[in-house]
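These notes concern the structure reproduced below.
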Amino acid sequence: MKVTIKTILGIGILLFIFQAAVADDITIKITKKYLNLPVSQKQERGNMKFELGGKTERVFKIRLSGDEPEYWVFCDVTALKGKTIKISYDGKSSGLQKIYQHDEIEGQELIYKEKNRPQFHFTSRRGWINDPNGLIFYEGEYHLFYQHNPYEREWENMSWGHAVSKDMIHWQELPVALLPDELGTMFSGSAVIDYTNTAGFNKGSTPAMVAAYTANTADKQTQCIAYSLDKGRTWAKYSKNPVIDSKAKWNSVDTRDPRVFWYKPGNHWVMVLNERDGHSIYTSKNLLDWTYESHTTGFWECPDLFELPIDGDKTKTKWVMYGASNTYMLGSFDGKKFMPETGKYYYVTGTIYAAQTFSNIPESDGRRIQLGWGRISHEGMPFNGMMLLPTELKLKTTKDGVRLFSEPIKEAEQLFSTENKWENLTEAAANEKLKTYQGSDKLRIKTRIKLSHATSAGLSLNGQRILDYDMNFNLVNGVFYSPQDMASMEISADIYIDRTSVEVFIDGGAYSYSIQRKLDANNKEGLRFWGTNITVKDLEVFSVKSIW
Ligand code: FRU
1 MKVTIKTILG IGILLFIFQA AVADDITIKI TKKYLNLPVS QKQERGNMKF ELGGKTERVF
61 KIRLSGDEPE YWVFCDVTAL KGKTIKISYD GKSSGLQKIY QHDEIEGQEL IYKEKNRPQF
121 HFTSRRGWIN DPNGLIFYEG EYHLFYQHNP YEREWENMSW GHAVSKDMIH WQELPVALLP
181 DELGTMFSGS AVIDYTNTAG FNKGSTPAMV AAYTANTADK QTQCIAYSLD KGRTWAKYSK
241 NPVIDSKAKW NSVDTRDPRV FWYKPGNHWV MVLNERDGHS IYTSKNLLDW TYESHTTGFW
301 ECPDLFELPI DGDKTKTKWV MYGASNTYML GSFDGKKFMP ETGKYYYVTG TIYAAQTFSN
361 IPESDGRRIQ LGWGRISHEG MPFNGMMLLP TELKLKTTKD GVRLFSEPIK EAEQLFSTEN
421 KWENLTEAAA NEKLKTYQGS DKLRIKTRIK LSHATSAGLS LNGQRILDYD MNFNLVNGVF
481 YSPQDMASME ISADIYIDRT SVEVFIDGGA YSYSIQRKLD ANNKEGLRFW GTNITVKDLE
541 VFSVKSIW
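Residues in the sequence shown are numbered from 1 upward in steps of one, following full-length UniProt numbering.
This is how it looks when you write it as structure tokens:
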């Protein structure tokens, strides 16, 4: 046979196809903490399987890189120490040989030091995050579980990632808490502490932390229960899962994101579950057997429902129900049915999605603290998404009626120190003062501006309008906002600038928003007030400590 370039190419292509189609495998005896796996976004996803003594331990999708990896992901295999696992992959398998075990994550020394790592917002070391899940306070620790793909910076392989904190500001990432199983991938949900052992999972005096989550498959979503007896570190799934399978009732695959809490007056558990076109209420005595009670249409995904005092008066309360977009209704709740009494409002917009409030906050504290997913990406980083600042929610009486307010929790204050403070500056003078802070990668700015000769004004950061108040159309960064005193011509903003995001709280949290920070290396303009003849009534600049 005459060997031509064409034949060589042909054989090459055949070899490539053969390699791509057949699952290859390697065998490793686990002696270290982590398996490090090379990834490239340019590779197609393939299925990777870990087998232990012939039994599947886990299956996930990964873009295994056979060439120069774009980044590395890891898998904590501490629990498999001493065991021999077979790893097979049905994608391009040349990357299998690159997988190695080590007591450190590949690139460990750079973690939290990366150029575009947010400095005061939680991000995972590697991979994708979305919704916060199972937010709960227990024995001095706040738990943040979250929708997580440990194996890629895009959405896939939904698992519950896990981090703990003593103050909701500094987080320590722990091993993944819930992995996909034969019922599906681990979609969003919540957690409670079963102090009186209603479900029967408690051990001696140790109450179970119980998680309610959605198991997701392509054709249905069911609600499941898992419990932990070691403060959320390891979990057992309830043997009779799922506890709710309501696909047929709703003729819909969209039944998900159980939000569970204890309803004291009724002595029962409540689950708020998004089903097709709204939030349903289920009740239970034991977290395992659930009874359908009612349904409020007009909500989508990630429900929350809680009672809040109005203007701090505990004798006057309303219940707040919201969905994934954070738009909410106020109403009453009798343990079985939510009765809306208002329209649907917003208090926060922008990158926030799927926020949830913490369970089990001690009564002596009494705050309702919310954490939301910030749909923020971090250019060139091996991780994606972040958690916004935790905020305290309050109901306050406004000129429009009772409304929800949200402001960063007091624990956040430890990160900020006043650098400078001024009053009654002209725009030009304020801009002169701000020159010092040009090029800061993180900053907090509190300001109040007064308009006089033009209908709009605000503050820009390297050309990006991070505050844009249009008094004529009553818009703040494009969203309708009407200040309490509409004749004041003033607006105040508490602005949190991180490396990849900006969060802004208007007029004491009456409205807030978060945006992706535009990284334009060529624009060195820094911070600049704009408008015509505005007065900068207050300006306070804070330095910011990193949480890492
Ligand atoms: C909201 C959501 C949830 C679902 C999860 C899956 O962002 O779609 O409804 O449980 O994400 O990751």
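Heads up, the beta-carbon is just placed ideally off N, CA and C, and yes, glycines get one too.
Residue i beta carbon near ligand 1 (any heavy atom closer than 6 Å)
i: Met186; result: no
i: Asp304; result: no
i: Phe370; result: Note that residue 370 corresponds to Gln in the displayed sequence, not to Phe. Answer for Gln370: no, Cβ out of range of ligand 1.
i: Asp245; result: no
i: Gln43; result: no
i: Gln414; result: no
i: Glu301; result: yes
i: Met48; result: no
i: Arg375; result: no
i: Asp257; result: yes
i: Ala236; result: no
i: Ala354; result: yes
i: Gln147; result: yes
i: Asn384; result: no
i: Asn130; result: yes
i: Met158; result: yes
Identity of the residues DSSP links to residue i by a beta bridge
i: Gln516; result: Ser501
i: Gln221; result: Asn216
i: Ser280; result: Leu273, His295
i: His102; result: Tyr34
i: Val59; result: Lys49
i: Asp164; result: Note on identity: in this sequence residue 164 is Val, with Asp being the wrong assignment. According to DSSP, which records beta bridges pairwise, Val164 is partnered with His143, Gln172.
i: His268; result: Tyr263
i: Thr84; result: Lys29
i: Asp304; result: Tyr322
i: Ile352; result: Gly374
Residue burial classification, residue i (beta-carbon count within 10 angstroms, cutoff 16)
i: Thr123; result: buried
i: Arg233; result: exposed
i: Phe405; result: buried
i: Pro132; result: buried
i: Val255; result: The sequence given here places Thr at residue 255; Val does not occur at that position. Buried.
i: Thr487; result: The sequence shown places Ala at residue 487, rather than the Thr named in the question. Under this definition Ala487 is an exposed residue.
i: Lys92; result: buried
i: Lys415; result: First, the residue type needs correcting, since residue 415 is Leu and not Lys in the sequence shown. Buried, by the Cβ-count rule.
i: Ala412; result: buried
i: Trp548; result: exposed
i: Leu110; result: exposed
i: Thr291; result: exposed
i: Ala21; result: With a pLDDT of 48 at Ala21, under the threshold of 50, the modelled position of this residue cannot be trusted; read the value that follows with caution. So Ala21 ends up on the exposed side.
i: Gly53; result: exposed
i: Phe333; result: buried
i: Tyr213; result: buried
i: Gln370; result: buried
i: Met339; result: exposed
i: Lys220; result: buried
i: Glu141; result: exposed
As assigned by DSSP and simplified to three states, the class of residue i
i: Ala324; result: coil
i: Gly343; result: coil
i: Phe18; result: With a pLDDT of 45 at Phe18, under the threshold of 50, the predicted position of this residue should be treated as unreliable, and no value is reported.
i: Trp250; result: helix
i: Leu97; result: It should be pointed out that residue 97 corresponds to Gln in this sequence rather than to Leu. In the structure shown, Gln97 sits in a helix (DSSP, three-state: H, G or I).
i: Leu539; result: strand
i: Ala191; result: strand
i: Lys2; result: Since pLDDT at Lys2 reaches only 47, below the 50 mark, its modelled position is unreliable, and no value is offered.
i: residue 549; result: In the structure displayed, the chain extends from 1 to 548; residue 549 sits before or after that span and is not available.
i: Ala487; result: coil
i: Asp67; result: coil
i: Thr397; result: strand
i: Pro132; result: strand
i: Ser546; result: coil
i: Gly531; result: coil
i: Lys410; result: helix
i: Gly509; result: helix
i: residue 550; result: No statement about residue 550 is possible, as the shown extent of the chain runs from 1 to 548 and does not include it.
i: Thr185; result: strand
i: Thr198; result: coil
i: Gln41; result: coil
i: Leu179; result: coil
i: Gln464; result: strand
Closer than 7 Å to chain B by CB, residue i
i: Gln43; result: Any reference to chain B falls outside this structure, which holds one protein chain only.
ask   = Enumerated in chain order, which unbroken segments of the beta strand (DSSP E) with a length of 3 residues or greater are wholly contained in the stretch 412-453?
value = 416-426, 443-450
ask   = Hey, which unbroken runs of the beta strand (DSSP E) at 3 residues or more fall wholly within the stretch 357-388?
value = 369-374
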